[in-house]
Structures are given as C-alpha cells and as structure tokens.
Amino acid sequence: MAKTETDVNHVPFLPTRFTTRFTLDEWHLDNQFRYRCSEAQRELSDRLLAEATVACESAKEIVKANKEETDHRLLEKLNDIEFRKGELLRIRKDGVLEIDALSVYRERITDVLKSVKRNALAICEKCLVARERRLGIDLVHDDVERSLLKEREVIQGAESLLGRVLKETREQIRKLKATLYHIDQDLVNKDSNLRIDRRNVTFKETDFNLSVHHDTSRLDQSVVELNEWELQTNSNVIDANKEVNKAKQLRCYIDTIIKQTIDDLARQKDVTNKAFRQRIEQTREAKTKLELQHSEIIKQVTVMTSNITHIKKSIADKEGYMALAHTRLGHRCQRPGIELTQDLVEANLVKEIHELRNVAANLQRMLCEDIERGEARFAGVSSVSASTSPSVPALASAPTPLHEHNANRCDASRATSGVGRVAAANAPSGTHQDAQQAARASASANASNAAAPRSEGDLDASRSRWRAIGRFLRRLTFIMLLMAAAFGAVAAVVIYMGPIYLFQLLIVISVAYFVAGGRLRWFYVALRTAPRDLKGLLGYVRMLWSVHSHEKKNRNVADIFRQYVNRHPNKICLIFEDQEWTFQQIEDFSNKIATIFKTHGYKKGDTIALLLENRPEFVAIWLGLTKLGVITALINTNLRKSSLVHCINIAKCEALIYGTEFFDAVTDIVSSLDAKLTLYRFGIHTNAMSGLKEKDLNAMLVDTPATPPAVQEKSGFHDKLLYIYTSGTTGLPKAAVITNSRYTFITSSVEFMGVLRNSDRIYTPLPLYHTAGGVMAIGLALVYGHTTVIRKKFSASAYFADCNKYKCTVGQYIGEMCRYILAVPPKKEDHEHSIRMIFGNGLRPQIWDEFIKRFNISQVLEFYGATEGNCNVMNIDNKMGAIGFFSRIIPSVYPVSLIKVNEEGEPIRNSKGLCQVCEPNEPGAFIGKISPNNPTRAFLGYVDKKASEKKVIYDIFTKGDSAFLSGDILVADELGYLYFKDRTGDTFRWKGENVSTSEIEGIVSNLISYRDCIVYGVEIQSAEGRAGMAAIYDPDGTLDLNKLTVDIKEQLPPYARPQFVRILTKIDLTGTFKLKKKDLQEEGYNPYKVQDKIYYLDPKLGYQLLTSEVYDQILQGKVKF
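Counting from 108, one number per residue, gives the positions in the sequence shown under this note's numbering.
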C-alpha cells in the first residue's frame, strides 16, 4: 500500500502542450559542428604539444651547448691557469736559485772584502809604517814606497769596487725577493682561482646544492678584463726573468770583478815584491861597498897614523939638529973681536939651519895635508854611516898635534877638527887597535839598529811557537785524560761484566760505527781493489828502482843502450822490411853519426832537426846525436811549408837532417829558413846538384870509423834528449821537452806495468817522431833490450799478418787504429798470431769487447798520458773501457786527481780559492801534481815557456802547490777506474744537456760500419747552446741517410742527435791517427763556405739536404731545431 502511494506521488508532470522539437538534421548538423570544433581544438592542442616538445628539446640543446661551452671554457681556463702557474713556479724556482746563488756570492764578496782589509791592506799599511822607521838618508821615497803606495791605492780601489758590488748584490737580492713576493701573491690568487673553477667543473645540473640568483644586481661581478689578467701574470714573469737575468749577469760580473781584483792584487804584489827585492839588493850592494870602503879606510887610517908618527918622529929628530945648529951658532957669536968672522963654519951652520927649517916646514905641511885628507875622508864616511845608524863612533882617534913655536906649524884645534865626531879634541894618538875597536863598535851599532825590526818579528815568532807548544800540551793532556777514562771504563766493564761482554760490545760498536757512517763501503772498495793496487804498487816500485839506478849513475839513453850492446851485441834490435839490425850495428851507426857531427862543431845543448821516414837509421841518428849532448827535434813528416818552418824555428835548430823523400818539402821552405841553418841529406838523390847546398850524410858515413868519439861534456840523466811535437789538432804543433829521465820513465811504465818478458817482440806501425812509437816502442829496445819491429806506414789489413810473420808477442795501437783493423773483413790471420798483449791508447769502449774477442787478445794495456804531461795512468787489469786507475785506498801514492771545472775548462774553486775534488762518477779535469825533484812528477812542458805556463794551475789543494792540467775530461767510478769522457771544449750543451763528442762519435761510427766520424758543436742563431754536427767520411757516396736517421733515433736521445751531417770526400788525420776538427768546426754548416753536401735533421722527414735557401731560413729563425 505504501509502495503504491509512493509510485503515485512520483509520476512526472506531463504538460498539456508539447514544446518545439529539433529536427534530426539539425541534430546531425549540430553534432558535426561540435565534432569539427573539438577536432580543431584537438589539432591545436597537438600542435601546441609539438611546439612545446620542440621548444623543450631546443631549450635542452641550448642548455647543453651552453654547459659544454662553459665546461670547455672552464677547462681552457684551468689549463691556462695551470700553465701560468707552472711558468710562475718555474721562474720562482729560478728566482730562489738566483737568490741562493747571489747569497753565496755575497758571502764570497764579504770574505774577499774581509781578506782584503785584514790581510792585503793590513800588510801594506804595516810595511808603510815599518818603512817610516828608517833613519837619515835611508828615509827616501824609492820605488818600494811608490809600489807600496800604489798597492794601497789598488787595494783601496778594489775595496771600494767590492763594496759597490756588494751593495748592488744586496739590492739585486732585494729586487728578487720583491719579485718573488709578487709571484707568491699571484700564485695564491691562481690557486684560489683553480680551486673555484675546479669545483665549478665538478658541478652538475642534478646536484642539490645549486642556487639561483634572484637578486636585482648584475650577474657578472668581474671588474678585471681578460687582457689585464694576462698582462699581470706576463708582467710578473717578465719582471722575474729580467731580474733573474740581471742576477746572472751580476754573478758573472762578480766573478770577473773578483778575478780581476785577485789578478790586480797579485800583479801589484809581484811588482811590490820585485821592488823590495831590488831595493834589498841595492841596500845589500851599498852595504857591501861601504863595508869594503870601511875596511880600506881603516887600512888607510893605520897607514896614515904610521906616516904621521913617522913625520912627527922625523920632525922631532930635526928639532935636535936644529937646536944643535942654533946652539953652535950662538956659541960662535960669543967669539971675541976679530974672531967673530963669517967663515966657512958659520956659513955652513947658517945653511944647515935654513935647510933644517925648510925640511921642518915641508914635514909640517905634509903632516897638515895628511890630517886634512883624513878629516875630509872620515867626515864623508861618517856622514854616510850616520844615515844608516843613529850613532857612529869615531873611525880612529885623532893624532895629537905637535906644539911648535914656529908660526908655520898647525895648531892643536886644527889638527883635531873633523877627524872624530865623538872623540875628544885632545884625544891621544890613535893606533891600529883603536881603529879596530872603533870599527867593531860601528859594526855592532849598525847590526843592533838593523836587527831592531827583526827582533820584533823574532819575538812574535817566539810567542807563536810558545802558543803552539801550549796548544799541543793542552791537547795532549786532554787526549791522555780521555784515554785514562776509556781504560777505566773498559776495566769496569771487564770487572763487572766479563771479557766476553766487552768483546761483544766492541763488535756491536764497530759495526754501528762503520755502517752508520758509510765507512763499511770503504772496506768493500778496498777489498775489491786491493789486488789491483798491490799489482800496480809492485810495478811502480820496480819501475822507480830501475829509474833510480840510472839516475844514481847519471846515465843517458845512449849509456843505457851501450849496456845491452855489451851484453848481447848480436841480438836483433830492430826489424824493418825484412832488414835485421843488431844492437852492435845500431851502436856502430850511432858512433859514426856522433863522430861526424862532433867534427862539424856541434856540442851539448845544440839542437838538430830530423825529418826522416820510419827506418832503423832514424833511431841510430838521434841516438848518435845524444852521445854529444845534442837535442834532436823529431819533425812530423806530414808537415809542409809554414807548419814545417814553424817547427824548425821554434826549436832554434842549427841543422836539419832530412831524407831524400822530403827533398821537395825542404826545397819549398829553404828560402824561409835561417841562412845559418845547415842542411844534411840522408839517402841517394837522383839529382846530385840539387842547389840546396846541403851536405851528403851518406858519403860522410862511408869514410867515418865506427869507434865511439871522445866527448868532453856528455849529457846526463836529467838533460834534454828530444823535442817531440804535439799532433796539432788545435793549432800549430808545440815542441814538448823529453829528457833522458822522462824517456826512461815512459818506457819503464810499459816494461814493468805490462810485465814484459825478455823474449817479447814488439810490433809498432806508428811514426817514430811521436811519443807512442818513438819512445814507448823504440824505448823498449834501447832501454830494456827487446826486439822491436817497425813499419814505414800503418796498414790495417797487414797488422796481424806482420805480427804473424815476425812472430811478435806484443802489439801497439793508438787512436783510431783498432777501428780501422776491425773494419777489415775477417781472415785467418785474425787468430794465427802470437800476440798476447796490446798496449796503447784510444781503444774506444764501443768496440773494445768485439776487438779482443775477434782477434783473441788476452790482455789490453790501455794507457793515458800526454807527451808534455806528468799525469800518466794505465789499465793493468783488463778493465773494459778504462784508461787507467788511481788508488782509493792510498791516493797519495800516485798524486793524480779529478777536479771540478766549468764548461770552459776553468777550475771551480771553493771559498778558500782551492780546487774541488770530483765525487765518484762525476766528470772532471784530470790533473797531476807537480814535483820538480821527482822525474815521475816533474812537468817539463814545451820549449815555448808561455805555452807551458798555460798548462799549469796553482793553489790546487793547498796554497802554493801546482799541477799539470791535462785538458781532458775523465770520469772515475767508485773503484777508482778512470774513463775518458771528452776533451775540454769539445763537450757542448744542447737542449739543457751536456753532450760528449767522443761518446757520440763512437756510437755513430758503429752505426756506419766503422767509418771515420767527427762530432762537434755548432752555433745556431737564436738558439741556446750548440747543436751537434757529424762529419762522416763517405768518399763513395754509399751512406744510407734514411737508415742512419732511424738508427740515430733508436740509439741516441733527442738532445744528443746530430742536427747536421756533413759528407766528407777526404779527411785529415794526424800522424797518430787523430781526427782534426778545428777547421770543420769553424766552417760549420754554411753552404756558402763548404763544398761538401750538408744535411739537416727534420723531425718528421729525417735528414734533408741543406740548400742555401734553407740556410737563410735557419738564419732568419724560420727553421726550428
């Protein structure tokens, strides 16, 4: 029921009238319209969505590109900052180093100033003050005083100059520190900038710690332009570079100033010392003359005193006669009357009186003259003597005058005036004893005054001695107390701990001492080198014993050779081209030579030049000249014209012996030789009338007996024997002096260090005018009786064939010979020989092992030494590559050393002005201490004394010592083995590295099949240092430059690679097979001067031909290296 009611109530209302209805078409049209509107809206929405998508993608790309650009710019900025920071750090390092260097130089200047003030100036002032104590006429303004004043002026000038330089140094240090301050500030800013930008680089858009700038201020807060930022850093770098360069220039200037100051002071000191020596000689000469004059005056005083006494006696005698005559005449005046007549008696008495008066007057006049003469002489002497001493007593007492009533006689005051300044006017007559006493008094007065300044010096010396004794006693007492305390401690340990504990404690302390101080290494080195050093020491002692035995008997080389002639006259001495010369034949030939030149007037001290090829007569000729004491100048047979004239003239030769093979060479220079020079021709010449006016030595030898000539003055052990010329690789040859002692010493080194046997045969193809062949090889025959085989010229292919043919057991080499022999194709003679040892110098380490293995050499006796030098060493134990050694255990046994030098070869000295010893494996210049009294340590030098002085340096390890500077750079390893590095001046610097020419030559030579190769440094414009250049001998044009480029890049670092290569079609060698590089270095890589082909190293293309256009580009800096 209820439901029914509900349904009835919900029945919709139906209007009674229907409203207007739309048609079906309208409904379709309306739906279509609405559909099209919705489609249009949808398309618009899609288009908007697509545009939004494109806009988003575009925005994303733009943001990404901006971010990448920003990241790229940040990285560039970071790299730029890093680069600039690196430049700042580099220049800061240079600045710090320069500050340290300038600080050292400042200390040097300060030390020099102190030394100048305390030593030089103080000594000069003391000398001037001391000379003010001179008395009388000796207080003269002489050369010594002028030199001292000049020296004081020089010292004060040097002091003033050093003071200014010290101020400049301090100012430069201040500027460098100011520059470093600005650089440090810039570095701090750079570090902050780097830290910020590095953090910016790490940011990502997804990070949570990002922030957005909502402020109205400008986004860019930078106020510094980029160019200003770059300019600041550049300015700091430029300013720092400028100050560093100024500091370097200042250091060079300081070196120059200090050296100039030292030279000026030394020069002025020498001048002052010379003036002192001259003044001392003048004073000593004047003193000697005065003493002689004094003795003569004393003698004259004695004679005059005797004469005056004699005259007085004579006058006294005459007074008696006068009185007698007057008395007789008076008595006769009393005659009376006519008896008072003038008879003969009275006339005779009157005559006697007049004669007596005349005689008395003459005697009185003579007496006065003698007194006046003595007065004048004594007054002159006393005035001179007074100038040298404060008081001079009378030389002799004045004689007492004779009192006479006669008017002509001298009075007492006149007789005594001026004779003695101190003596009383009425002194008694002087005697000889009085004169001697006066002379002794005068001499003692002079001696006391002369000894016055010396007594002060003696007093100071005595005080110094007592102070030294006191210091010694104090030290001795302290040492004794320490020893007592040590013994007490040891006793306590033994008592309380036992001897075993003491032994263990000593072991622990010893091990700790040696290990902590690195001293254990010394024992290791000593253990390793002891056998070598012992072998060398035994050989050295045997050598010194042999040399000393000849020195003791004053034997020359001819005397030593004569001993072996007497011992085995028929033994073969020399072999040459199948000719065998016995010892007796050499002796006979040399005797003939000595006889001929003795009859021609040559004597000890004369010099004769010898220009002859290798042959036995060469040795016999100079050996014969030695018997006369004549010095033989051994001329290099390769010299011609000006060089040949130079060698003859520099030795002051009085004659020239030449072989006929050098007739043309002598003809070319005969007009330039001294007209007094005598020519001797040896050998048969086709043209008997040569026009040189020479003497035929062969013809004279035929008629000359072989008996030894009688020589009044022969040469001794220390006299000059030969002049041997240097190779001339750096200029004209210099004549080195070889004495008999030097010749014997050089030969003995091979004999005893090589432990040669009596049966050994020596083979040498070297020229006999050089030390290696003419002294070492020939000396073994002359001084030690071996048989030596010589050859006219070296042949690489015939070397071991000759050794096999003549059954030689010892061979000699030098220079590049081993490389030439190694380049010969292998053959059976390489092993079919009896050579057990080779000796020489110049075997390169690069081919050492290959050479001894191929030719089966059991021992190589490599040595190092200069003809004129005293620092000779030898490799006695087959150490590969070593040229010798010095002992690390006892270095003083053979005083040679390596000292630090700069690039120019000048010694680097410490603050005390002494040289510095190189550490192991540190390159340095090789020197030998000079000891003139020891023939093994003496430096004989050259004939030209100026050239000799250039080879000597002073103040090595102590003040006043001296040493021979070899001019070679060597390296010593920890065990004391020496290795050749380079010649001083040959090493060049490229790309900041030192390059050794000898090492590069060895490597490049191996790469090009052992061809000749010369490496040297050449300058390139606008490039620092010198670039390497290699001159390669390739006459056939078979050198493969492409292969050479590849090999060089593999074998050598960039800085050591030759930047230029010159192809030589001919090459100049010295007589000892050394390569000449001076002319090559002067010509450089200039194609306008050089006719040979030159190549330059292109980093990409290798060696390319250097044309004139490329050369011009190099000069313009367009081609970089």
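Glycine included, C-beta positions come from ideal geometry on N, C-alpha and C.
This one's a predicted model, so the numbers in the text were calculated from it and none came from an experiment.
| Asked | Found |
| --- | --- |
| Sub-9 Å separation of C978 and H940 beta-carbons | no |
| DSSP state of P998 mapped onto helix, strand, coil | helix |
| Straight-line gap, Y1049 to Y830 (C-alpha atoms, nearest Å) | 9 Å |
| Beta carbon of E332 nearer than 9 Å to that of G202 | no |
| G1083 burial status per 10 Å Cβ neighbour count (16 or more: buried) | buried |
| Own chain partners of R154 with C-beta closer than 7 Å, once the 5 adjacent residues on each side are dropped | none |
| CB-CB length for A716 against A740, believed under 8 Å | 4 Å |
| Terminal residues of the beta strand (DSSP E) in which M1136 lies | R1133 to Y1140 |
| DSSP state of I418 mapped onto helix, strand, coil | helix |
| Alpha carbon of S994 to alpha carbon of V1000, nearest angstrom | 8 Å |
| Expected contact under 8 Å - CB spacing of I1170 and I1221 to nearest Å | Actually they are not in contact, since the Cβ atoms of I1170 and I1221 sit about 19 Å apart, beyond 8 Å. |
| As assigned by DSSP and simplified to three states, the class of P815 | coil |
| Between the CA atoms of F946 and F900 - distance to the nearest angstrom | According to the sequence displayed, residue 900 carries Lys and not Phe. Roughly 18 Å separates the two Cα atoms. |
| Pick from V378, Q953, S902 and A347 that is closest to Q279, judged by C-alpha positions | A347 |
| Residue of L1212, K1173, K1207 and Y1218 minimising C-alpha distance to Y1195 | Y1218 |
| Extent of the continuous beta strand (DSSP E) run through Q919 | V917 to I921 |
| G264 - containing alpha helix (DSSP H), residue span | D250 to T309 |
| Beta carbon of L1077 nearer than 9 Å to that of I990 | yes |
| Helix, strand or coil at M981 according to DSSP, with G and I counted as helix | strand |
| Rounded C-alpha distance that separates V1008 from I728 | 44 Å |
| Buried or exposed by the 16-neighbour rule on C-beta atoms within 10 Å, applied to C915 | buried |
| DSSP three-state assignment for G880, whether helix, strand or coil | helix |
| Cβ shell of T1172 (< 6 Å), same chain only, five flanking positions each side left out | P1142 |
| Cβ neighbour criterion (16 or more within 10 Å) applied to C163 | exposed |
| Inter-stretch contact (C-beta, 8 Å, three-pair minimum) for the stretch 1004 to 1020 and the stretch 1050 to 1058 | no |
| Cβ separation of V931 and S965, assumed to be a contact under 8 Å, to the nearest whole Å | Actually they are not in contact, since the Cβ atoms of V931 and S965 sit about 21 Å apart, beyond 8 Å. |
| Of the residues L889, L204, E923 and N1149, the one placed nearest P1205, counting alpha carbons only | For the record, residue 1205 in the displayed sequence is Asp; it is not Pro. Nearest option by C-alpha distance: N1149. |
| Selection from R581, F852 and K458 that minimises the alpha carbon distance to W652 | F852 |
| Close beta carbons around V378, own chain, < 6 Å, minus the five adjacent residues each side | S254 |
| Element boundaries [beta strand (DSSP E), containing G1035] | G1031 to K1036 |
| CB contact flag (L889, F668, <9 Å) | yes |
| Cβ shell of T123 (< 8 Å), same chain only, five flanking positions each side left out | Below a pLDDT of 50, predicted positions are generally treated as unreliable, and T123, at 49, falls in that range; no measurement from the model is reported. |
| Those runs of the alpha helix (DSSP H) which lie wholly inside the stretch 184 to 238 and span at least 4 residues | 229 to 238 |
| Residues of its chain near N963, where Cβ-Cβ distance is below 7 Å and the 5 sequence neighbours each way are ignored | H938 |
| From D293, E252, K282 and L204, residue whose alpha carbon lies closest to that of G193 | D293 |
| Proximity below 9 Å, CB of A227 to CB of K376 | yes |
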